[in-house]
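Everything in the sequence shown is counted per this note's numbering, starting at 2 for the first residue and increasing by one. As structure tokens, the structure follows; a few thoughts come after it.
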Amino acid sequence: MLTGETDRLVGLELWMPEVMPVPASADDPTQVTETGRKAVTRRRILNAAARVLSQRGYHGASVDDIVRESGTSKGAFYFHFPSKEEMFVGLVDDLTSRLTSSIESAVADHRGFEAKVDGALASVFDVVSSHRTIARLVLLDVVGIGRPLEQRLLGIRSALVATLRRYLDAAVTDGAIAPIDTDLAARAWFGAIDEVLAHWLQTGEPANLEAARRQLCDLLLRSVGRGPASVLLTDPNPESP
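Here is the structure:
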């Protein structure tokens, strides 16, 4: 279910939950592992970067701003990220990882092609609506970000298209849909999803994002010759066509 929440700008909850180390007792500080400390510091920097970039934009944000917001140090920043560009890549990689894992989980948790598509699309909308700050930076605020980062973002988009194509290929193999150009279909699906979400992030429209998601799901299913999920998922005994 979509959260519909505004950006989580409180504490360290803006982005993914921190990987917290084992709590240390006063008598045995060695309980905190070095790996755990590094993971927490990295997460703190990324969360702070998300807040700073949301306020000042990519070009207006400096490493000093991010360090100050995170309560860490320049040494810690450059230990985890060689540059501001690599830090931004870290944010993008986190978003991509969440999107990919949410899609895979949704597909695994549902049975039937329509249910898998509906679940996967719901998971994507949920991730984006729950993390609007990062999603906006990635989908909208990338103009003039520099060719290396633009190429990295293009690579990530291509990877997400490949994920869609893989599931469409499996659907063709399983006989769930008729043989089609799955590469073309995956690009069309990605473009439609990207446009709807980017428009919502920029304008707040459509106001009812869940209703739009359901309509979009129906359109995607119809594009590969399947019936609307809004009917097939709500009717326990749908009539055969």
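Backbone N, C-alpha and C define an ideal beta-carbon position, used for all residues, glycine too.
CA-to-CA distance, V68 to Y292, given in whole angstroms: The requested residue 292 is not part of the displayed model; the chain covers only 2 to 242.
Buried versus exposed, by CB contacts within 10 Å (16 or more), N48: Along the sequence shown, one-based indexing puts residue 48 at 47. It counts as buried.
Proximity below 8 Å, CB of S46 to CB of H81: If you number the sequence shown from 1, residue 46 lands on position 45. If you number the sequence shown from 1, residue 81 lands on position 80. The sequence shown places Ile at residue 46, not Ser. Their beta carbons are under 8 Å apart, which means I46 touches H81 by this criterion.
Proximity test, Cβ basis, 8 Å: A208 and chain C: Any reference to chain C falls outside this structure, which holds one protein chain only.
Backbone CA spacing between L1 and G72 [nearest angstrom]: This structure does not reach residue 1, given that the chain is present from 2 up to 242, and the question cannot be answered.
Assumed close pair A123, A107 - CB separation to whole angstroms, cut-off 8 Å: Within the sequence shown, residue 123 is the residue found at index 122, counting from 1. Within the sequence shown, residue 107 is the residue found at index 106, counting from 1. Right, the Cβ-Cβ distance comes to about 7 Å (below 8 Å), so this counts as a contact.
Straight-line gap, D184 to L202 (C-alpha atoms, nearest Å): The residue given as residue 184 occupies position 183 in the sequence shown. The residue given as residue 202 occupies position 201 in the sequence shown. Distance between the alpha carbons of D184 and L202: 27 Å.
N1, DSSP secondary structure in three states: Limits of the chain in this structure are 2 at one end and 242 at the other, which puts residue 1 out of reach.
Short Cβ contact (8 Å threshold) for I178 with F114: Indexing the sequence shown from 1 puts residue 178 at position 177. Indexing the sequence shown from 1 puts residue 114 at position 113. Taking 8 Å as the cut-off, the Cβ atoms of I178 and F114 count as close.
Whole runs of the alpha helix (DSSP H) within the segment 53-112, excluding any shorter than 4 residues: Correct list: 64-71, 75-81 and 85-110.
Cβ-Cβ separation, S224 to A186 (assumed contact under 8 Å), whole Å: Here residue 186 refers to the residue found at position 185 of the sequence shown. Here residue 224 refers to the residue found at position 223 of the sequence shown. Their Cβ separation, rounded to whole angstroms, is 7 Å, which keeps A186 and S224 in contact under 8 Å.
Three-state class that DSSP yields for T34 in the structure shown: As a position in the sequence shown, residue 34 is number 33, starting the count at 1. Coil at T34, not helix or strand.
Top-ranked residue by Cα proximity to G152, from V93, S84, T34 and R43: Position 151 of the sequence shown, counted from the first residue, corresponds to residue 152. With the sequence shown as reference, residue 152 is identified as Gln, and Gly is not the correct amino acid for it. Closest by alpha carbon: V93.
For S131, the nearest candidate out of R167, L100 and L154 (CA to CA): Working through the sequence shown from its first residue, we reach residue 131 at position 130. Looking from the CA of S131, the closest CA among R167, L100 and L154 belongs to L100.
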